Amino acid sequence: MSTAAGTLLRTAGGRALFLKRAKGAYAGSWALPAGKIEDGETPEQAARRETEEETGHLGNDPLVQIDQGDFVTFREDVEEFEPRLNDEHTEHVWAPMESPPEPLHPGVAAMLKKLNSPDGRALDAALDRREYDANSWYEVSDNPLSVVGVYQYRESSIVKGGDPNKMVGVFRPPEELSSPECIASFKLLPWTDDHPGELLGPKEQGLVPADEKGVRGVIGEKVYFMGGTLYGNIKVFSEALARKIASGKRELSCGYHCQFVAQTGVYNGEAYQYVQRNIRGNHVASVDKGRMGSDVRVLDAADCCLTFALDLKEVPAMPEKRKDEVDGTVDAETQKFITTHVGDSFNSLVGELEKKGYSKEYATKIAGKVANEKRGDSTDNATDAGNKVADKSEVKDPEGKAEGSAEDKKAKDAMDAKRSARDSVRSARDAKRSKDEMSSEEEEAEDAAECAEDSEEEKEDEKEDSNEARDRRSARDRRAGARDARKGARDRAKDRAKDARKGMDAAEVAALVRAENAKVIPAMRKEAALKHKLYDRLLPITGVFDHSEMTHEQMAAYGLKNLSLPESDDPVNSLEYALLARAQVQVTPSPGRSAQDSGDEPAWFASITKSA
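599 is the number that our numbering gives the last residue of the sequence shown; the numbers go up by one with no jumps.
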């Protein structure tokens, strides 16, 4: 796990900012703005914070990760500036990366050695292959999407009723990835941050609408197959996702439709039992880990890149099971153990059984039976409950469903309706979060409401032993982790705001605001008046145009362009001359000295009046 991060601030001419350390083990050596990653921070956030603290520079563009390990290095392209050093450094210098100041900090020396090597220069060139459009969204062309090969799956994930403990090889053949139908299906797919609960599509079909999940980018239309690999162009729209990618969320995973056909064979020395057929894309998601690992990489980075995997999830390693778990029994020792712990809560008993070597699935099953015993017969003592765990079985109807009374069915329907309503609330909340529509206060309130909902649901699930209950428990754990991360970010933001106000009372803050307003507001009013006046003068020439986001100078430049006149370093005065010239052409000039006699007019001014 990375413990520190820093930033290589580089100019277009290849010069970088180096700082001379004032203290520590490497005092006197030259290093980059860098420091320790604090709890709750991503490496990129730490690099930005340290750079601002040590140089006063706070950039806005996403950082590009160029090296990783215990120390993560990012790159930011900048113009040279005069840094504001804190007490951690004594000097600064902008120097060429190939001839940095000496002595260098060992970590910086190792990083620069890689960048200055042939491979490093190729990497640096590759980093610049990102193509940015007018909206600052970047696109990468010819990016690998999927590769022919054999991949491991749980049998239960591809075959109804398959063994969840059995791993099978699945062959993704070239004729499927290269088919025109497959290639077309991967064009213009939405890109999400993490997978939705289901594939994307209409809600009435049990799928997740794309607008609820939130679309962060897209696979473009330049999709093709060559040399065993499916390629395509990818484009990211979301700044939040771009930052996550730069911070290490590198792998992507495609959600898709396909058929798994039972067929044995060997491909490149690897045996398989199933073949994927009729692969049709649905979406692509940024994930922390994909099935294909780092075999397929985005072309705009090396070790800091995205990878694509044509799979919904990675297959985890399978722990070795206890013999009694494999047999579906509980041995005498565990029965005695349960008897002494039968008064524990459901979750506590699951945890204790896991410590004894049982899988979470089987431990949950045992704990669920204990809970049923405790509820089902209040006259049984704790010892009876423990002894019944191993041999009691459910009564089934002829179709294999558990029997229950009409009251049970009514209660189940009510619970299902309650859970459905709760899921709708969560979906709406997630959609609002994905669009960054919450203030800090609203986010805190929503997190508190979500925590209360999860607590209520946890109490309900203590009485239920099913795959659905276990899935809900896992989802609650993930939500709890996300809430903790958001709380950490809010706390850090409050601390920064508090630090910024430190040493200033309310009267001083108010005075500072008034002083700033006294400077800014008159200038804004003057600018608005100039824009209004110039718009009235340009209207007969240009017609109606949107000038709300233009400055006075930009409006003047727009006027010159509509008059088919050359660009100017001083568009306001150049336009004034041009408008005067038009007035002289259209109206008989008054006697006396005219504007063109001043000697300050542009060279083209006289030619306009002369030709008239």
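C-beta: ideal position from N, C-alpha, C; glycine also.
All values reported here derive from a predicted model rather than from experimental measurement.
Which term fits Pro553, buried or exposed, when burial requires 16 or more other beta carbons within 10 angstroms of its beta carbon?
On the sequence shown, position 566 is the one that residue 553 refers to. Under this definition Pro553 is an exposed residue.
So, with DSSP's three-state summary, where would you put Glu257?
As a first step, residue 257 must be located in the sequence shown, where it is residue number 270. In this structure, DSSP gives Glu257 an extended state, which the three-state scheme calls strand.
Check whether the Cβ atoms of Arg457 and Glu437 sit closer than 8 angstroms, and answer yes or no.
By 1-based counting over the sequence shown, the position of residue 457 is 470. By 1-based counting over the sequence shown, the position of residue 437 is 450. No.
Under the three-state reduction of DSSP, which class applies to Ile170: helix, strand or coil?
As a first step, residue 170 is located in the sequence shown; it is residue number 183 there, counting from the start. In this structure, DSSP gives Ile170 a helical state, which the three-state scheme calls helix.
For Asp448, is the classification buried or exposed, using 16 other Cβ atoms within 10 angstroms of its Cβ as the cut-off for buried?
Counting from 1 along the sequence shown, the entry for residue 448 is found at position 461. Residue environment for Asp448: buried (at least 16 other C-beta atoms within 10 angstroms of its C-beta).
Would you give the residue range spanned by the alpha helix (DSSP H) that Thr216 belongs to?
Working through the sequence shown from its first residue, we reach residue 216 at position 229. Note, Thr216: premise wrong, no alpha helix (DSSP H); beta strand (DSSP E) at 216 to 223.
Would you call Thr575 buried or exposed, if buried means 16 or more other Cβ atoms sit within 10 Å of its Cβ?
Start at 1 with the first residue of the sequence shown, and residue 575 comes out as number 588. With a pLDDT of 43 at Thr575, under the threshold of 50, the modelled position of this residue cannot be trusted; read the value that follows with caution. Per the 10 Å Cβ criterion, exposed.
Could you say which of Asp57, Val262, Asp523 lies nearest to Lys146 if we only look at CA atoms?
Position 159 of the sequence shown, counted from the start, is the residue given in the question as residue 146. The amino acid occupying residue 146 in the given sequence is Val; Lys does not appear at that position. Closest option to Val146, Cα to Cα, is Val262.
Could you check what DSSP says for Ser550 in three-state terms: helix, strand or coil?
The count along the sequence shown starts at 1 and reaches residue 550 at position 563. One detail in the question is off: residue 550 reads as Leu in this sequence, not Ser. In the structure shown, the three-state DSSP call for Leu550 is coil.
Taking Val248 and Lys222 to be in contact with their CB atoms under 8 angstroms, please state how far apart those CB atoms are, rounded to whole angstroms.
As a working note, residue 248 is residue 261 in the sequence shown. As a working note, residue 222 is residue 235 in the sequence shown. The Cβ separation is near 34 angstroms, so there is no contact.
What does Lys23 pair with, by DSSP beta-bridge criteria?
The residue labelled residue 23 in the question sits at position 36 within the sequence shown. Bridge partners of Lys23: Ala(-9).
Is it the case that the Cβ atoms of Thr60 and Met84 are separated by a distance below 8 angstroms?
By one-based count along the sequence shown, residue 60 stands at place 73. By one-based count along the sequence shown, residue 84 stands at place 97. Going by C-beta atoms, Thr60 is not nearer than 8 angstroms to Met84.
Just grab the DSSP bridge partners of Tyr138 for me.
By 1-based counting over the sequence shown, the position of residue 138 is 151. Its beta-bridge partners are Val157.
Buried or exposed: where does His76 fall if 16 or more other Cβ atoms within 10 Å of its Cβ makes it buried?
Residue numbering aside, residue 76 sits at position 89 when the sequence shown is read from its first letter. Buried, by the Cβ-count rule.
Going by DSSP in three states, Tyr564 sits in which element: helix, strand or coil?
Here residue 564 refers to the residue found at position 577 when the sequence shown is read from its first residue. In the structure shown, Tyr564 adopts helical secondary structure according to DSSP, grouped into three states.
Just to confirm before moving on: does the CB-CB distance between Ile170 and Phe224 stay below 8 angstroms?
Position 183 of the sequence shown, counted from the first residue, corresponds to residue 170. Position 237 of the sequence shown, counted from the first residue, corresponds to residue 224. Contact: no.
Glu37 classed as buried or exposed, judged by whether at least 16 other C-beta atoms fall within 10 angstroms
If you number the sequence shown from 1, residue 37 lands on position 50. Here Glu37 is buried, its C-beta having at least 16 other C-beta atoms within 10 Å.
Roughly how many angstroms lie between the CA atoms of Leu566 and Arg512, to the nearest whole one?
Taking the sequence shown and counting its residues from 1, one reaches residue 566 at position 579. Taking the sequence shown and counting its residues from 1, one reaches residue 512 at position 525. Cα to Cα, Leu566 sits roughly 24 angstroms from Arg512.
DSSP on Ala415, reduced to helix/strand/coil?
Walking along the sequence shown from the start, residue 415 turns up at place 428. Helix at Ala415.
Quick one, are the C-beta atoms of Ala472 and Gly184 less than 8 angstroms apart?
Residue mapping note: residue 472 aligns to position 485 of the sequence shown, counting from 1. Residue mapping note: residue 184 aligns to position 197 of the sequence shown, counting from 1. No.
For the alpha helix (DSSP H) holding Glu78, just list the boundary residues, first then last.
Within the sequence shown, the letter at position 91 stands for residue 78. Counting along the chain, Glu78 falls outside any alpha helix (DSSP H), though it belongs to the beta strand (DSSP E) covering 76 to 83.
Where Pro151 and Arg141 are concerned, what is the direct C-alpha to C-alpha distance, given to the nearest angstrom?
As a first step, residue 151 is located in the sequence shown; it is residue number 164 there, counting from the start. As a first step, residue 141 is located in the sequence shown; it is residue number 154 there, counting from the start. In this structure, the CA atom of Pro151 is about 6 angstroms from the CA atom of Arg141.
Nearest candidate by alpha-carbon position, reference Tyr125, set Asn220, Leu340, Phe324
Looking up residue 125 in the sequence shown gives position 138. Cα-wise, what sits closest to Tyr125 is Asn220.
Would you grab the beta carbon distance between Ala(-8) and Phe58 for me? Rounded to a whole angstrom, and I think it's under 8 angstroms.
As a position in the sequence shown, residue -8 is number 5, starting the count at 1. As a position in the sequence shown, residue 58 is number 71, starting the count at 1. That belief holds up - the Cβ atoms of Ala(-8) and Phe58 are roughly 7 angstroms apart, short of 8 angstroms.
From what residue to what residue does the alpha helix (DSSP H) around Pro183 run?
Against the sequence shown, residue 183 aligns to sequence position 196. In this chain, Pro183 is not harboured by any alpha helix (DSSP H), its DSSP state being neither H nor E.
Alpha carbon to alpha carbon, what distance is there between Glu455 and Glu118?
As a first step, residue 118 must be located in the sequence shown, where it is residue number 131. As a first step, residue 455 must be located in the sequence shown, where it is residue number 468. Near 45 angstroms, if we compare the C-alpha coordinates of Glu455 and Glu118.
Specify the secondary structure class of Gln55 as computed by DSSP and reduced to three states.
Here residue 55 corresponds to residue number 68 of the sequence shown, with the count starting at 1. Correct three-state label for Gln55: coil.
Using the three-state DSSP reduction, which class does Val271 fall into: helix, strand or coil?
Start at 1 with the first residue of the sequence shown, and residue 271 comes out as number 284. Under the three-state reduction of DSSP output, Val271 falls in the strand class.
Under the assumption that Gly201 contacts Ala418 (Cβ atoms under 8 angstroms), give the Cβ distance between them as a whole number of angstroms.
Against the sequence shown, residue 201 aligns to sequence position 214. Against the sequence shown, residue 418 aligns to sequence position 431. The pair is a contact, with the Cβ atoms about 7 angstroms apart (cut-off 8 angstroms).
Need the endpoints of the alpha helix (DSSP H) that Ile688 sits in, please.
There is no way to answer for residue 688, as the model of the chain reaches only from -12 to 599.
Is there at least one Cβ from chain C nearer than 8 angstroms to Tyr254's Cβ?
The chain inventory of the structure shown lacks chain C, comprising one protein chain alone.
Could you give the distance in angstroms between the alpha-carbon of Cys241 and the alpha-carbon of Val135?
Taking the sequence shown and counting its residues from 1, the one referred to as residue 241 is at position 254. Taking the sequence shown and counting its residues from 1, the one referred to as residue 135 is at position 148. So the two alpha carbons sit approximately 15 angstroms from each other.
Measure the alpha-carbon distance for Ala467 versus Ser128 and round it to whole angstroms.
Locating residue 467 in the sequence shown gives position 480, where the first residue counts as 1. Locating residue 128 in the sequence shown gives position 141, where the first residue counts as 1. The alpha-carbon of Ala467 is positioned some 38 angstroms away from that of Ser128.
Distance, Cα to Cα, Arg267 vs Glu428?
Here residue 267 refers to the residue found at position 280 when the sequence shown is read from its first residue. Here residue 428 refers to the residue found at position 441 when the sequence shown is read from its first residue. When only Cα atoms are considered, Arg267 and Glu428 end up about 42 angstroms apart.
Residue interval of the alpha helix (DSSP H) (run including Lys209)
Walking along the sequence shown from the start, residue 209 turns up at place 222. Note, Lys209: premise wrong, no alpha helix (DSSP H); not H, not E.
Is the CB-CB distance between Pro70 and Leu4 below 8 angstroms?
For the purposes of this step, residue 70 is identified with residue 83 of the sequence shown, where counting begins at 1. For the purposes of this step, residue 4 is identified with residue 17 of the sequence shown, where counting begins at 1. For Pro70 and Leu4, yes; Cβs fall inside 8 angstroms.
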